[in-house]
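Visitor: Residue numbers (my numbering): 2 to 79.
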């Protein structure tokens, strides 16, 4: 059940797992199985977020973007 697609599909699957666990009518074994699936989906989401962060860093480097730094328009140009 671990989604191999997009972040959104993995997150949606994780929400389904949470719904099963929150329902509360599972056996101990079923709960552990759903918990294991949930951890796998959590890791998948985390990995995809990390990939996105690396991609954003690469884009910023490529375009020499310095996030959060305003240009000093008052600096002397001499």
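No residue lacks a Cβ here, since even glycine has one placed at the ideal position from N, Cα and C. It should be emphasised that the depicted structure is a prediction, and the values quoted were computed from it without experimental measurement.
1) Using DSSP with H/G/I as helix, E/B as strand and the rest coil, what is residue 15?
2) What residue range is occupied by the uninterrupted alpha helix (DSSP H) comprising residue 58?
3) Verify the CB distance criterion: does residue 64 have a CB-CB separation below 8 Å to chain B?
4) For residue 55, I'd like the list of residues in its chain whose CB is within less than 8 Å of its CB, leaving aside the five on either flank, ordered along the chain.
Guide: Reading off the structure:
1) Secondary structure of residue 15 (DSSP, three-state): helix.
2) 29-63
3) The chain inventory of the structure shown lacks chain B, comprising one protein chain alone.
4) No residues qualify anywhere along the chain.
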